[in-house]
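One point on numbering: in UniProt numbering, the residue at position 283 of the sequence shown is 283, and numbering is uninterrupted.
Using N, Cα and C, we set each Cβ at its ideal position, and we do this for glycine too.
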Amino acid sequence: MWTIAKRMSDDQRRFEKQLMFNHPAFTQLCEHMMREAKIMYCDHLLFSLYAIVKLGIPQNTLLVQTLLRVVQERINECDEKCLSVLSAILEAMEPCKNVDVLRSGLRILVDQQIWKIKRVFTIQAVMKSIGKDAPISLKRKLEMKALRELDRFSVLNSQRMFEVLAAMDHRSDVLLDECSKMVIGNINGCPLKILITILQSCRDLRYRNLDLFKGIADYVVTTFDVWKLKQVLFVLILFENLAFRHAGLMDLFMKKVVDERGFLTMKNIVSILHVYSSLNHLHGGPAREFLDAMGAALTGYLHHISSENLLNAVCSFCLMNHFPLAPINQLLQKDIIDELLMSDNKERNAYKLQILAACLKLDDVPCHKALDLVLPSQPPAPLYPNAKVAELLSSLLGEGYFLENVQLPHNYHIDFEIRMDSNRSEVLPLSDANAVTSATDIQRSSQPKVNNWEMKKLEMKEAVTFLKSQIYSTENPPTADVNFQSTC
């Protein structure tokens, strides 16, 4: 029945499944299945349970729960083929008492038989189904088994490994590095869905591989016209989550958005603005046209945009040094401010309003006087240990060329501050930089962000090279102060 149903379209499958369930013989079939479960071949039992689950028979029915208990009793009969099917069953089911017991049994069985498993597909199926709370010793055994089989990995195995490791919440840098090489080398023709899954897994595992990210971004640029803008936006959102900026892809997307303004729904506007403001990607003439287009599109939604979406969009605009007056004026209305400060997210909204107020005052926007608010005070920002970063900066720049733990008004905090010339090609000693006081010589700049977890995994030489690439710019943006900020 499942073999037939899985080949149908979703609508047809839904209709045919209802006919199956309503057929008089279906009840008899289920009763017969429960009677025969204890004497069926183990693989037949598991394939039958898998088909029942995939057909959508409710998990709390007597049939499903009975079969789960029988499988628990007969789990020691499982061979490698049965392990694959059992793993697929557990992956498809919601947690419940019998499912949890069966998963525990699978973990014990895998721990005993792991070195006997021959197929890479079976190894990955088991890894994906044992659960994030599996013992770390079992996860490491599975990691070692996968590493032993690396020479036999196909391209599909390498692509799937990211999702598999994310499913069991175990980051293996060695395994991911090798699979990344395979993905990059065989990226032509790879479906975007698979690349998105890989990026999602990298985010969940906090795994950062610049060569992999660049390879994916370059491929999306090369095949840009094949994809929908919505798909490319999703890729950019994932890159923002990973703190990765690919100038070519972002420039191309920016140009496409200006040409196809029908894509700018309210939800897309907020997402695009967040990505571009977070990654500090704005420079040159096209950026102004892009910001004007985004501002005009946002203005068109002002009559029905939510207060929080409006706050998010305007805050992103201000971080990019762009101030569309119509959205700002609407946001500064007293009823909108009151709504934001009384919502469930009032702390987050108050924080963004303080950012907005600071941007408006720093850039001397005419409407900033309207923001005469008493906002809740923010708690002091937690201070994270940055001993390794401080040591790296001392090695790279020398003493007297950076400030550590800079406290700003309104409880803003910067881990490290570095002052540079307008071309970002030379770091200035703090004594010289402090002599520059003219407002025309000091400009608000972007803040390169570096993840602490990323720095910890790098060797000192690699970390120095990485920091150097983040501090110095080849784009020559018009800025004299550059704040270097690390994040957890």
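Between residue i and residue j, is the Cβ-Cβ spacing less than 8 Å?
| i | j | result |
| --- | --- | --- |
| ASN98 | LEU49 | no |
| VAL221 | LEU199 | no |
| VAL406 | GLU399 | no |
| VAL270 | ALA293 | no |
| VAL70 | LEU45 | yes |
| MET161 | LEU142 | no |
| ILE117 | LYS145 | yes |
| CYS96 | GLN59 | yes |
| SER84 | THR122 | yes |
| GLY131 | ARG103 | yes |
| LEU362 | MET320 | no |
| ASN241 | ARG208 | no |
| GLN231 | LEU279 | no |
| LEU233 | ILE272 | yes |
| MET254 | LEU236 | no |
| GLN139 | MET93 | Looking at the sequence shown, residue 139 is not Gln but Lys. Going by C-beta atoms, LYS139 is not nearer than 8 Å to MET93. |
| LYS17 | LEU55 | yes |
| PHE402 | LEU393 | yes |
| VAL120 | GLU73 | no |
| ALA166 | LEU205 | yes |
| residue 546 | VAL53 | Limits of the chain in this structure are 1 at one end and 488 at the other, which puts residue 546 out of reach. |
Assuming residue i is part of the beta strand (DSSP E), what are its boundary residues?
| i | result |
| --- | --- |
| LEU29 | No beta strand (DSSP E) contains LEU29, which is instead part of the alpha helix (DSSP H) from 24–36. |
| VAL406 | 403–407 |
With 16 as the cutoff for other CB atoms within 10 Å, does residue i come out buried or exposed?
| i | result |
| --- | --- |
| THR437 | Confidence at THR437 is low in this model, with a pLDDT of 43, below 50, so its placement is unreliable and the value that follows should be read with caution. Exposed is the call here. |
| PHE247 | The question names Phe, but residue 247 is Ala in the sequence shown. Exposed: under 16 other Cβ atoms inside 10 Å. |
| SER425 | exposed |
| TYR41 | exposed |
| VAL174 | exposed |
| PHE317 | buried |
| PHE484 | Note that PHE484 scores 46 on pLDDT, short of 50, meaning its location in the model is unreliable; the coordinates nonetheless yield the value given after this. Answer is buried; the Cβ neighbour count reaches 16. |
| VAL427 | buried |
| ALA134 | buried |
| SER469 | exposed |
| SER129 | buried |
| GLU404 | exposed |
| PHE244 | buried |
| LEU210 | exposed |
| GLN124 | buried |
| VAL314 | buried |
| PHE239 | buried |
| ARG419 | buried |
| ALA433 | Reliability fails at ALA433, whose pLDDT of 49 lies under 50, so the model's placement of it is uncertain and the value that follows must be treated cautiously. Looking at its Cβ environment, which holds 16 or more other Cβ atoms inside 10 Å, ALA433 is buried. |
| ALA296 | exposed |
| VAL226 | exposed |
| LEU86 | buried |
| SER137 | exposed |
| ASP11 | exposed |
| ASP259 | exposed |
| SER395 | exposed |
| ALA435 | For ALA435, the pLDDT reaches just 49, beneath the cut-off of 50, and the residue's location in the model is therefore unreliable, leaving the point undetermined. |
Ends of the alpha helix (DSSP H) at residue i?
| i | result |
| --- | --- |
| LEU319 | 307–319 |
| MET266 | 266–278 |
| VAL85 | 80–92 |
| LEU360 | 346–362 |
| MET460 | 460–471 |
| LEU397 | 387–397 |
| ILE75 | Note, ILE75: premise wrong, no alpha helix (DSSP H); not H, not E. |
| GLU339 | 334–341 |
| ASP43 | 42–55 |
| residue 500 | Given a span of 1 to 488 for the chain in the structure shown, any question on residue 500 remains unanswerable. |
At a cut-off of 7 Å, is residue i close to the ligand GTP when judged by its beta-carbon and the heavy atoms of the ligand?
| i | result |
| --- | --- |
| HIS281 | Of ligands this structure carries none, so the ligand GTP is not represented either. |
Report yes or no: do three or more beta-carbon pairs, one from the region 337–344 and one from the region 322–329, lie closer than 8 Å?
With fewer than three CB-CB distances shorter than 8 Å, the region 337–344 does not count as touching the region 322–329.
Completely contained beta strand (DSSP E) runs for the region 102–178, where each covers 3 or more residues:
Runs found: none.
Contact between the region 345–356 and the region 384–403: three or more CB pairs below 8 Å?
Contact between the region 345–356 and the region 384–403 is absent: fewer than three C-beta pairs spanning the two stretches fall below 8 Å.
Contiguous alpha helix (DSSP H) assignments of at least 4 residues, all confined to the region 185–251:
Counting only runs of 4 or more, we get 192–205, 210–222, 229–241.
Can you confirm whether the region 108–124 touches the region 67–84 when touching is taken to mean that 3 or more C-beta pairs between the two stretches lie within less than 8 Å?
Segment contact: the region 67–84 against the region 108–124, three or more CB-CB distances shorter than 8 Å; contact assigned.
Flag this pair as touching only if the region 296–309 and the region 259–274 have three or more C-beta atom pairs under 8 Å; answer yes or no.
With the cut-off at 8 Å, the region 296–309 and the region 259–274 touch.
Would you call the region 179–192 and the region 148–161 in contact, with 3 or more CB pairs under 8 Å?
Yes, since at least three Cβ pairs between the region 179–192 and the region 148–161 fall closer than 8 Å, the two stretches touch.
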